[in-house]
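**Q** Take this structure first; my questions come after.
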Amino acid sequence: MIENQSGLFLVKNVLVTLRHLLHPYGFEIAPFLMGWYQEVVHSCGPGTKNAVGLHPHSVAFCIMSNPDMFDLSFLSHLSSWFRPGVNSFKQAIAPLQPILAQNINAPNRNDLLDWSVFLRLQSSLNACIREVSRSLSAEQQNAIGKVHYFPDYCLTPLPGLPFIHVQASAHVSGLAYFHRPSESMKKVTYKTTLAGCSMHPAYGGWFGLRGIFLFPDCRCSSLPRPQPRSSVPPGIPPFPEDKIEELLREYNTRWRTNVWRNFGLPSNKRNLYSKAARAYFNTMAPRRAELLEDWFIHGHLPE
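Rendered as structure tokens:
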């Protein structure tokens, strides 16, 4: 068990190493304590309880993909999977099947974006542990060696709720502000029908939350707690209730239009996803295999 100053040393080393490994592929990462996380999760109501019961000073890292991840990481993986000679989506995913059998948290076999994220994060985490461990004591190596990667889609066995509330983890890590229905001006009966929405100060809603890396045996009570910021003015509470109401309405009822993603962003910083990324995300999941075949087999990848 590693605590306090030794824990802070480990957090800084892991953070620097992970950022070095993940930033070139469009991922961002920030640490938080499980106690902070539980505070936010419990405030969201009984339906959002999760299965993580840990010491409040245990350290975790929230992982976010920024607007560049699709082109820097996902398209790179797709190019290697749809290599010369591959003539179908089924052929492209065939090499991934053995990995699916070995990892309980592996994604759905037909979701190549989740596969790309899973493989990139898992390989970067493994490389980070190897690199950081070289300069650590045996006790410190043991503490960081017990790391767990929980993807955003990971569910509890029963009743099938998300294992990790990724929006809460992004909020307490300072990566993005989690706007909850309690900030809007409508009555409680209306609020309860709305899901909360996370906004980044620079990207608005043009990002994705990909899960957490959890280090249960690394504890750091002195970790500074950041103030999350939003693209919605003024960036920190209190927010105009009518703006939050409008944001949540767009997010919950017309999310595919992407209007909600641009809230608070200047006109020259909107629509941050590439043409290919917008085409992919706006395609219904059952049609994405056909879309990828069109891109990589028939050569119609948007420029």
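So the sequence shown is numbered by numbering that gives the first Met the number 0: it starts at 0 and just counts up by one.
Glycine is no exception: its CB is placed at the ideal position from the N, C-alpha and C atoms.
Since we're looking at a predicted model, the values are computed, not measured.
Excluding sequence positions up to five away, which residues of its chain have a Cβ less than 7 angstroms from the Cβ of GLU27?
**A** Only MET63, ASN65, LEU174 meet the Cβ criterion.
**Q** Going by other Cβ atoms of all chains shown within 10 Å of its Cβ, with 16 needed for buried, is VAL13 buried or exposed?
**A** The residue is buried, with at least 16 neighbouring Cβ atoms inside 10 Å.
**Q** If contacts are defined as beta-carbon pairs under 8 angstroms, then VAL171 and PHE31 qualify, I think. What distance do you get, rounded to the angstrom?
**A** Indeed they touch by this definition, with Cβ atoms about 4 angstroms apart.
**Q** Do LEU77 and LEU222 have their C-beta atoms within less than 8 angstroms of each other?
**A** No, they are not a contact pair.
**Q** When you compare only the Cα positions, how much space is there between GLN140 and VAL39?
**A** Computed Cα separation, rounded: 31 angstroms.
**Q** Rank TRP35, TYR152, PHE88 by C-alpha distance to the C-alpha of PRO285 and give the top, closest one.
**A** Measuring from the Cα of PRO285, the nearest candidate turns out to be PHE88.
**Q** Three-state secondary structure (DSSP) at THR188?
**A** At THR188 the pLDDT is 48, less than 50, meaning the model places this residue with poor confidence; the figure from the coordinates comes in the next sentence. Here THR188 sits in helix by DSSP.
**Q** Need the endpoints of the beta strand (DSSP E) that GLU27 sits in, please.
**A** Unbroken beta strand (DSSP E) run through GLU27: 26 to 32.
**Q** Suppose the cutoff is 6 angstroms on Cβ atoms and the five residues either side in sequence are ignored; what does the same chain contact list for TYR250 look like?
**A** Once the five neighbours on either side are set aside, the close Cβ partners of TYR250 are CYS196, TRP259.
**Q** Going by CA-CA distance only, name the one from ASN109, PHE81, LEU154, PHE212 that's closest to LEU17.
**A** Ranking ASN109, PHE81, LEU154, PHE212 by Cα distance to LEU17 puts PHE212 first.
**Q** Please classify GLN93 as buried or exposed, where buried requires at least 16 neighbouring CB atoms within 10 angstroms.
**A** Rather than Gln, the amino acid found at residue 93 in this sequence is Ala. With fewer than 16 other Cβ atoms within 10 Å, it is exposed.
**Q** For PHE262, which residues does DSSP report across the bridge?
**A** None, per the DSSP bridge assignment.
**Q** Under the three-state reduction of DSSP, which class applies to ARG269: helix, strand or coil?
**A** The answer is coil: DSSP assigns ARG269 none of H, G, I, E or B.
**Q** Consult DSSP for ASP151 and reduce its assignment to one of helix, strand or coil.
**A** Three-state result, ASP151: coil.
**Q** Identify the continuous alpha helix (DSSP H) that holds CYS127 and give its terminal residues.
**A** CYS127 -> alpha helix (DSSP H) spans 111 to 132.
**Q** Taking the alpha-carbon of GLY144 as reference, which of ASN270, ASP67, GLU244, SER132 has the nearest alpha-carbon?
**A** Among ASN270, ASP67, GLU244, SER132, the Cα nearest to that of GLY144 belongs to SER132.
**Q** Would you report the Cα separation of ILE243 and ALA142, rounded to the nearest angstrom?
**A** Their backbone Cα atoms lie some 41 angstroms apart in a straight line.
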